[in-house]
Structure formats: structure tokens, C-alpha cells
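Below is one structure, written out as C-alpha cells; comments come after it.
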Amino acid sequence: MLILTRKIGEVLLVGDDVEITVLNIRGNQVKLGVNAPKEISVHRQEIYDRIKALEEEK
Numbered sequence: 011m012l013i014l015t016r017k018i019g020e021v022l023l024v025g026d027d028v029e030i031t032v033l034n035i036r037g038n039q040v041k042l043g044v045n046a047p048k049e050i051s052v053h054r055q056e057i058y059d060r061i062k063a064l065e066e067e068k
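Per the working numbering, the sequence shown starts with residue 11, numbered consecutively.
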């Protein structure tokens, strides 16, 4: 696992097309903004897990 430290307004790049920006930090919460092409799905882990579970039920 890669561990990075970022400040508000700083950006993390994933490949050439995905930018993750730290928008806010409050206590133990970090607000992130994600810019990615429409063909790339972006989900929180719990939503992704639910989508996969529903696909397996079919």
C-alpha cells in the first residue's frame, strides 16, 4: 500500500486521467474531489461491495 500525505488543495494523480484533490480536512474526515473520465467508475468501498453483491445474486 502506498501511503501519501497531502494538504488541502493538493492533488494525487492516478494514471494520466484521474485526479483526486483534498478539498477539506475536519477532525478524522477528509473530503476528496475526484475528476475522472465518465468511462471510469468511482465508488466508495461500501457502495462497490453492494453493487458486486447484487451482481452475484443474478
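A virtual CB, placed ideally from N, CA and C, is assigned to each residue, including glycine.
Hey, how far is the Cα of residue i from the Cα of residue j?
| i | j | result |
| --- | --- | --- |
| D27 | V52 | 13 Å |
| V40 | M11 | 19 Å |
| I61 | K17 | 32 Å |
| V76 | A46 | Given a span of 11 to 68 for the chain in the structure shown, any question on residue 76 remains unanswerable. |
DSSP three-state call for residue i: helix, strand or coil?
| i | result |
| --- | --- |
| I61 | helix |
| E66 | helix |
I'd like to confirm the pairing. Which residues does DSSP put opposite residue i in its beta bridges?
| i | result |
| --- | --- |
| V44 | I30 |
| L22 | I30 |
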